[in-house]
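K.L.:
The first sequence begins at 24 in this note's numbering and counts up by one.
Mind looking over this structure? Questions follow.
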Amino acid sequence: MTREAPPPSALFPSSVRGARLLQERLRGRVRIRPLALQRLRRIGAADVTYIGEKETVGAAVVVVDARTGEVVEERTAVGETLFPYVPGFLSFREGPAILAAWEKLSVRPQVLLFDGHGIAHPRRFGIASHVGVLLNLPSVGCAKSRLVGECAEPGGEKGEWTPLTDAGEVIGAALRTRDRVKPVFVSPGHRADLATSIALVLSLCSRYRLPDPARRAHQLTQELRSGGRSRSEPG
DNA sequence: GCGACAG
DNA sequence: ATCTTGTCGC
Numbered sequence: 024m025t026r027e028a029p030p031p032s033a034l035f036p037s038s039v040r041g042a043r044l045l046q047e048r049l050r051g052r053v054r055i056r057p058l059a060l061q062r063l064r065r066i067g068a069a070d071v072t073y074i075g076e077k078e079t080v081g082a083a084v085v086v087v088d089a090r091t092g093e094v095v096e097e098r099t100a101v102g103e104t105l106f107p108y109v110p111g112f113l114s115f116r117e118g119p120a121i122l123a124a125w126e127k128l129s130v131r132p133q134v135l136l137f138d139g140h141g142i143a144h145p146r147r148f149g150i151a152s153h154v155g156v157l158l159n160l161p162s163v164g165c166a167k168s169r170l171v172g173e174c175a176e177p178g179g180e181k182g183e184w185t186p187l188t189d190a191g192e193v194i195g196a197a198l199r200t201r202d203r204v205k206p207v208f209v210s211p212g213h214r215a216d217l218a219t220s221i222a223l224v225l226s227l228c229s230r231y232r233l234p235d236p237a238r239r240a241h242q243l244t245q246e247l248r249s250g251g252r253s254r255s256e257p258g
């Protein structure tokens, strides 16, 4: 059954605002890319003139059964980026490709886990929050490093964690997912609380620092870069 | 003015 | 994120 999939840009209206913010931030430091300007005009952002290097970005979505850890479905997508990587603006760069991969799924997952932060973000709106809102699904962020906030070093054993705080509020946790291994940073995204977020991440970590689905998704992304056209998606 | 800075 | 050699440990 093929359903008409809207272009990712249509599902990412905030790109317009993001473009404006980036335009200010990168003014004088980035050259204008005409093709991207055309694209922005097509989605109704005629007054936006940002753009960076011509580049493609790959995204992968891995669906697992939360109880068994079994992989249910995997999808990938490649797209041209409208944004360079700028700390705090990750979702504007990777969000559209993620949604493109999401649109290929034949199943409808109930919870989202992201490689990146949720509310542990300067504006409390990291990639997990952003995409979670767009898809209206509970979402959790699991980042390998800190973007904002401070925290104490958690105890050395798996499962131990300390709160990540910023401006007087708890925005996430530094969570030990393996004994004696550098902690990850977990934060709620959309419609999720910290305790549930931590429990979810822990439940998905078998024997590595990162949750199994995150590792698999990263692997798929790598294959996109090296495999190129030698690989095809089922369906 | 100088660091810090998800991926 | 990417580049990139060897090395320590189960």
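Each residue gets a CB set at the ideal place from its N, CA and C atoms; glycine is no exception.
Mind checking which residues open and close the beta strand (DSSP E) that includes Val80?
P.N.:
Residues Thr79 to Val87.
K.L.:
State the DSSP-derived secondary structure class of Ser249, mapped to helix, strand or coil.
P.N.:
Reduced to three states, the DSSP call for Ser249 is helix.
K.L.:
Could you give the DSSP three-state label for Asp216: helix, strand or coil?
P.N.:
Correct three-state label for Asp216: coil.
K.L.:
Can you check whether the CB of Ala197 is closer than 7 Å to the CB of Ala83?
P.N.:
No, they are not a contact pair.
K.L.:
By DSSP, does Leu135 sit in helix, in strand, or in coil?
P.N.:
Three-state result, Leu135: strand.
K.L.:
What residues match up with Pro186 in a beta bridge as DSSP calls it?
P.N.:
The partner list for Pro186 (beta bridge, DSSP) reads Ala196.
K.L.:
Can you give me the C-alpha to C-alpha distance between Ala100 and Ala123, rounded to a whole angstrom?
P.N.:
Looking at the two C-alpha atoms, the distance is approximately 6 Å.
K.L.:
What did DSSP end up calling Val156 once you bin it into helix, strand or coil?
P.N.:
It is helical.
K.L.:
Straight-line CA distance for Asp88 to Val134?
P.N.:
One C-alpha to the other measures close to 11 Å.
K.L.:
Spell out the partners DSSP gives Arg98 in its beta bridges.
P.N.:
Paired residues: Val84.
K.L.:
Measure the CB-CB distance between Val86 and Glu78 and report whether it falls below 7 Å.
P.N.:
The answer is no: Cβ separation not under 7 Å.
K.L.:
By Cβ distance below 6 Å, which residues in the same chain neighbour Ser114 in space, the five residues on each side in sequence not counted?
P.N.:
Excluding residues within five positions, the ones whose Cβ falls inside 6 Å are Ile150 and His153.
K.L.:
Would you tell me roughly how many angstroms separate the C-alpha atoms of Leu157 and Val94, rounded to the nearest one?
P.N.:
Approximately 24 Å between the Cα atoms of the pair.
K.L.:
How would you call Pro119, buried or exposed, if buried means at least 16 neighbouring beta carbons within 10 angstroms?
P.N.:
Buried: at least 16 other Cβ atoms inside 10 Å.
K.L.:
Out of curiosity, what's the CA-to-CA distance linking Ile194 and Glu173?
P.N.:
Straight-line Cα distance between these residues: approximately 10 Å.
K.L.:
Cα separation between Arg116 and Tyr231?
P.N.:
Each residue's alpha carbon lies about 27 Å from the other.
K.L.:
Assuming Ser220 and Val209 form a contact by the criterion Cβ under 8 Å, report the distance between their Cβ atoms to the nearest whole angstrom.
P.N.:
Right, their Cβ atoms sit about 5 Å apart.
K.L.:
From Val109 to Leu170, what distance separates their C-alpha atoms?
P.N.:
The straight-line gap from Cα to Cα measures roughly 11 Å.
K.L.:
For a quick check, are the C-beta atoms of Leu227 and Pro234 less than 7 Å apart?
P.N.:
In contact: Leu227 and Pro234 (Cβ atoms closer than 7 Å).
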